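Chains as they are written, first to last, in our numbering: chain H, 2 to 293; chain P, 2 to 293.
The beta-carbon is built from N, C-alpha and C at its ideal position, and this holds for glycine as well.
Being a predicted model, the structure only gives us computed values, none of them experimental.
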């Protein structure tokens, strides 16, 4: 499976030691690698060091330590929100080792790839990737590389990326034991995520906001609970992700609204045959999505 | 809890021995009552008799047996689709014992109550009710009164109903051990079900029909699966339920579409503050719906 072995002397830097960054760090440490970390929260760094999966860490205020750690890192993985990912690279890229690969974990790709690759030093490479894993809780104390075992890992190369970097990031995903590793262009990725993840959150938020009757909860069954589970949403992260993918997301919303209007029209016209056809089609398509 | 005990000599007739009708029959038989059944399928009747929860049964072709069973039944429970419920009562009401209570299980109430109560004999009473229970499989062989233990039971009296009938149907729900028994007007019921159940199915069907990319399944996570689970839908039953509640459902769809449009507008205008507010509101409201 592992096409390119990463030497054990390779040193990884995780920037942003939260749920995802922490899960990377623990997984890489368990695989025998040296892992450094930078975070804004001293408690996150303290936890990583005391739990022995972070060899050395620094908070963002500790400028000297931050630079020292960056200068000895062979791969940098940014576990930050998209805008922070862009800003961090702009601020610190002058300290990167020549030839290193930098990757990220963010949920939108065209924005991140364009912003970063445009201003990047020519002797380092940024290759975006998206670990499609998560938990309902956040923070490094909840991190756990087991969340990757059932998850997809998407590598999103642009024409500026090399086969060497793609093989390297793929090897990282293999070390972390992702279930499925795939390659999509940044645009393909954002269209896929716009539909499967962002549109579903728009729907859940909108459905939840359609209810003004507090007594409904007395009668709520599993269907409504299933559709609104993700209406419980981190507004700082998701508002950023939505706006960074807004053209694609708007198109997905319009496409969905057309489908809802089609159902509405069958009701207005009492067109039971077309209504049944829409239901038969949805039933047919849903079968593909049953878990194997 | 049981305000009105139903005497053990009371004989129940279940018309339509499917998943729900069968679960009623098994529950009432377990509680010590005599249960009769009428169904179109001889295999359903045969199963009920051989499993000893149906004392006597008939298929709809067996006119003589059907009438004999109806004439000795003290309560009739119709486990049919709404239109069939209306038609069955119109066809057989002349054989009902005077003074009996007839109830149903259907998922829309204004249509059923108006149609039935308008043409009903004055010496019998139809009181509609809705057991909000189900399973992903159908048929009497899958019936099980345990599906009621976590379910709501809604009684929907109209001004034509009496306290006597309400107490009687409530006593049946208590015998069947429903978790929560409530009373709503037929209109309140249909508005509640229009939002919690029918609108959610419109959304799931529409979302599923928005996808034309068969490769999406490779990247699908739990959010999309949760939102489309009910896109797997019985088109005969649900197209009927939708059309019988169409005015309310259209209003619910419009209300939901307004909410989606609100999200869309924040994207077009890059209004991150309003977008965050919509997410904060949905998160706040969703908390009420967490399972206790």
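The closest CA to that of residue 180/P, considering only 180/H, 210/H, 230/H, 222/H, is found on 222/H.
For residue 202/H, the nearest CB of chain P lies under 9 Å from its own CB, placing it at the interface with that chain. Per DSSP, reduced to three states, the secondary structure at residue 120/H is coil, with no helix or strand assignment. Among the residues facing chain H, residue 83/P is not included, as its CB has no counterpart in that chain under 9 Å away. Sequence-distant Cβ neighbours of residue 57/P in its own chain, meaning closer than 7 Å and more than five residues away, are 37, 70. In the three-state reduction of the DSSP assignment, residue 130/H falls in the strand class. Contact with chain P is found for residue 220/H, since one of that chain's Cβ atoms lies less than 9 Å from the residue's Cβ. Within chain P, no residue has its CB atom less than 8 Å from the CB of residue 69/H, the nearest being about 36 Å off. The DSSP-derived three-state label of residue 13/P is strand.
Where residue 263/P is concerned, the enclosing alpha helix (DSSP H) starts and stops at 247-269. With contact defined as three or more Cβ pairs closer than 8 Å, the stretch 266-285 of chain H and the stretch 195-211 of chain H are not in contact.
Within chain P, no residue has its beta carbon less than 7 Å from that of residue 112/H; the closest one is some 13 Å off.
Where residue 138/H is concerned, there is no enclosing beta strand (DSSP E), because DSSP gives it neither an H nor an E. Under the three-state reduction of DSSP, residue 65/P is assigned to helix.
Under DSSP, residue 103/H shares a beta bridge with 77/H, 127/H. Boundaries cannot be given for residue 149/H, as no beta strand (DSSP E) includes it and DSSP labels it neither H nor E. Those residues of the stretch 256-268 of chain P placed with their C-beta closer than 7 Å to a C-beta in chain H are 256, 257, 258, 260, 261, 264, 265, 268, ordered along the chain. For chain P, the residues of the stretch 274-286 of chain H that bring a beta carbon within less than 7 Å of one of its beta carbons are 276, 277, 279, 280, 281, 282, 283, 284, 286, in chain order. Collapsing the DSSP output to three states places residue 55/H in coil. Pairing residue 150/H with residue 171/H gives a Cβ-Cβ distance that is not under 9 Å.
By the C-beta criterion, the stretch 186-204 of chain P is judged to be in contact with the stretch 217-234 of chain H, since at least 3 inter-stretch pairs fall below 8 Å. In this structure residue 85/P is not in contact with residue 12/P, their Cβ atoms being roughly 22 Å apart against a cut-off of 8 Å. Within the same chain, 153, 154, 155, 156 come within 8 Å of residue 183/P by CB-CB distance, once the 5 residues on both sides are set aside.
DSSP, reduced to helix, strand and coil, places residue 182/P within a strand of the structure shown.
Of the residues 116/P, 65/P, 148/P, the one whose Cα lies closest to the Cα of residue 90/P is 116/P. Neighbours of residue 56/H across chain P, judged by C-beta separation under 8 Å, do not exist; the nearest C-beta is about 33 Å away. In this structure, the CA atom of residue 79/H is about 24 Å from the CA atom of residue 277/P.
When DSSP states are grouped into helix, strand and coil, residue 37/H belongs to the strand group. Within its own chain, the residues whose Cβ lies closer than 7 Å to the Cβ of residue 136/H, once the five positions on either side in sequence are excluded, are 20, 143, 148, listed in chain order. When the beta-carbon positions are compared, residue 15/P and residue 176/P stay at least 9 Å from each other.
Along the stretch 230-243 of chain H, going in chain order, the ones with a CB nearer than 9 Å to a CB of chain P are 230, 231, 232, 233, 234, 235, 236, 237, 239, 240, 241, 243.
For the stretch 217-249 of chain P, the full-length alpha helix (DSSP H) segments reaching 4 residues or more read 223-229, 236-245 along the chain.
For the pair residue 279/H and residue 263/H, the CB atoms are nearer than the 9 Å cut-off.
DSSP links residue 46/H through a beta bridge to no other residue.
Nearest in C-alpha terms to residue 201/H, of all of 214/H, 234/H, 186/H, is 234/H.
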